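S.K.: At position 66 of the sequence shown the residue is numbered 46 (the numbering used here), and the sequence of numbers has no breaks. Glycine included, C-beta positions come from ideal geometry on N, C-alpha and C. Predicted model only: the values in this text are computed from it and were never measured.
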Amino acid sequence: MDTQMYQECIDACFECMDACNSCYDACLREEDVKMMAECIRSDRECADMCAFAIKAMQSNSPFAKQICALCAEICAACGEECQKHSHHEHCQKCAEACFRCAEACRKMAA
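#1: Work out the CA separation of residue 6 and residue 24 for me, nearest whole Å.
#2: Give the C-beta separation of residue 37 and residue -11 to the nearest angstrom, bearing in mind that I take them to be a contact with Cβ-Cβ under 8 Å.
#3: In whole angstroms, what is the alpha-carbon distance linking residue 33 and residue -4?
#4: Measure the Cβ-Cβ separation of residue 0 and residue 74 and say whether it is below 7 Å.
#5: Mark residue 43 as exposed unless 16 or more other C-beta atoms lie within 10 angstroms of its C-beta, in which case mark it buried.
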């Protein structure tokens, strides 16, 4: 596997994981936390998946492509959920990071 592609995907996953963790934390401090429940769940799942994908790529797992394919799906879903909250800047930043990560993971999985 192309080392440059691995590193680009790892970097995108780190950025996404960080954005999801920040969004998760910010969502918990919103006035209407119940309204943010799906976003919070998506953020947690996406951050966990990004961490798993990073580990898979760093250890040169024979399943890295499959893991990255799943990561791309989860990141895209999280980005779509965060995008719904257009009035929250943290959600918009998270959505952008999720979509970038999804694209990087799709390239890895190809």
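M.R.: Reading from the atomic positions:
#1: Each residue's alpha carbon lies about 12 Å from the other.
#2: Right, the Cβ-Cβ distance comes to about 6 Å (below 8 Å), so this counts as a contact.
#3: Roughly 11 Å separates the two Cα atoms.
#4: In contact: residue 0 and residue 74 (Cβ atoms closer than 7 Å).
#5: Residue environment for residue 43: exposed (fewer than 16 other C-beta atoms within 10 angstroms of its C-beta).
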